[in-house]
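Every letter in the sequence shown is one number past the one before it in UniProt numbering, and letter 94, counting from 1, is 94. Ideal placement from N, C-alpha and C gives every residue a C-beta, glycine not left out. Since the structure comes first, as structure tokens, the remarks are kept for the end.
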Amino acid sequence: MGKTALVIVDCQNDFMPPDGALAVPNGDEVLPVIRGMLDRSKWDWDVVVATQDYHPPRHISFASRHGKPVLSDLELTDGRGRHYTQTLWPDHCIQGTKATEIVKELRDAFGPWKERMKIARKAWHPDIEQYSAFEGYITDATDPSEPPSEDIGAKPIEESEMALYLKSQGVDKLVIVGVATDFCVCHTNLDGLAAKFNTVLVAPAVRAVFADRENGVFEQIEQQGGTVIGREGASGWE
Ligand code: VGL
Ligand code: ZN
Numbered sequence: 001m002g003k004t005a006l007v008i009v010d011c012q013n014d015f016m017p018p019d020g021a022l023a024v025p026n027g028d029e030v031l032p033v034i035r036g037m038l039d040r041s042k043w044d045w046d047v048v049v050a051t052q053d054y055h056p057p058r059h060i061s062f063a064s065r066h067g068k069p070v071l072s073d074l075e076l077t078d079g080r081g082r083h084y085t086q087t088l089w090p091d092h093c094i095q096g097t098k099a100t101e102i103v104k105e106l107r108d109a110f111g112p113w114k115e116r117m118k119i120a121r122k123a124w125h126p127d128i129e130q131y132s133a134f135e136g137y138i139t140d141a142t143d144p145s146e147p148p149s150e151d152i153g154a155k156p157i158e159e160s161e162m163a164l165y166l167k168s169q170g171v172d173k174l175v176i177v178g179v180a181t182d183f184c185v186c187h188t189n190l191d192g193l194a195a196k197f198n199t200v201l202v203a204p205a206v207r208a209v210f211a212d213r214e215n216g217v218f219e220q221i222e223q224q225g226g227t228v229i230g231r232e233g234a235s236g237w238e
């Protein structure tokens, strides 16, 4: 039978209220749910991947770099010559700082999974935005460390480090939790489907930057063949 990976998206200090620089509204509500999913006596994930937004100072997504207001949209050309619309963010998740660390409440629960666990770091290049775990690189480091020195270049999703790692472990199903539903969770889930994984998004374990967009994200994922569970509330999804 195929194996299952729990994918914990961006549960980092900077995304958590009350003090995070880019606090996702009610983002901390996902933590007890995800902690429960890391209880080794109840769950047996074959693989656990925790993702980390991992920006250098002056990252292309930072409003401060462009002298524009936070949350405004800006047409940009990125470091690979791609034209796109960037939502501009406050400075957040800077490499090597506490702000980019995965919250302690979850790190404390990683112990029993150590042998099965990887970190996927993304958006580490100054001129490239990456919302999806499938755009990042895979590492064992849970502590702040240096990113690669050069852009590894865009790879087709199915040849990405994330897809190759999951496939090398026999994984064919992803259970996706974390923040933010409308950015990194959404892109990770859609890329997972594009890379031919079955996906299950656990609604009680995700929160959005823009809460009114959450239903649209769930519908888009379902239209692409993904499953969304627990939309009616926290009970009944296990
Ligand atoms: C994210 C905005 C900027 C996310 C990351 O984790 O969803 N959102 N960077
Ligand atoms: Zn970011």
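Which of helix, strand or coil does DSSP assign to residue i?
i: Gly236; result: Because Gly236 sits at a pLDDT of 49, beneath the cut-off of 50, its placement in the model cannot be relied upon, and the point is left open.
i: Lys122; result: strand
i: His92; result: coil
i: Met37; result: helix
i: Met1; result: coil
i: His59; result: coil
i: Asp73; result: strand
i: Pro204; result: strand
Tell me, to the nearest whole angstrom, how far the beta carbon of residue i is from that of residue j; I am working on the premise that it is less than 8 Å.
i: Phe30; j: Val200; result: The question names Phe, but residue 30 in the sequence shown is Val. Actually they do not touch by this definition, with Cβ atoms about 15 Å apart.
i: Met16; j: Asp28; result: 5 Å
i: residue 240; j: Ala195; result: It is not possible to answer for residue 240, since the shown part of the chain is limited to 1 through 238.
i: Tyr54; j: Cys11; result: Incorrect: roughly 14 Å between the Cβ atoms, too far for contact.
i: Asp182; j: Ala208; result: 4 Å
i: Ile179; j: Val9; result: First, the amino acid is wrong: residue 179 is Val here, not Ile. Correct: roughly 7 Å between the Cβ atoms.
i: Ile176; j: Leu106; result: About 15 Å separates the two Cβ atoms, so there is no contact after all.
Is it buried or exposed for residue i, if we count other Cβ within 10 angstroms and need 16 for buried?
i: Gly236; result: Low confidence applies here, because Gly236 scores a pLDDT of 49, under 50, leaving its location unreliable and the question unanswered by this model.
i: Met117; result: buried
i: His83; result: exposed
i: Pro57; result: exposed
i: Ser168; result: exposed
i: Thr85; result: exposed
i: Asn189; result: buried
i: Ser41; result: exposed
i: Gly192; result: buried
i: Leu88; result: buried
i: Ala141; result: exposed
i: Ser61; result: buried
I'd like the span of the alpha helix (DSSP H) that includes residue i, first residue to last.
i: Asn215; result: 214 to 223
i: Gly165; result: As written in the sequence, residue 165 is Tyr, which differs from the Gly given in the question. That run of the alpha helix (DSSP H) goes 161 to 168.
i: Thr85; result: From DSSP, Thr85 is part of no alpha helix (DSSP H) but of the beta strand (DSSP E) over 83 to 87.
Between which two residues does the beta strand (DSSP E) containing residue i stretch?
i: Ala50; result: 47 to 53
i: Leu174; result: 171 to 179
For a quick check, are the C-beta atoms of residue i and residue j less than 8 Å apart?
i: Asp91; j: Glu129; result: no
i: Ala133; j: Ala120; result: yes
i: Lys122; j: Thr51; result: yes
i: Leu166; j: Val48; result: no
i: residue 248; j: Lys68; result: Because the chain here runs from 1 to 238, residue 248 falls outside it and cannot be looked at.
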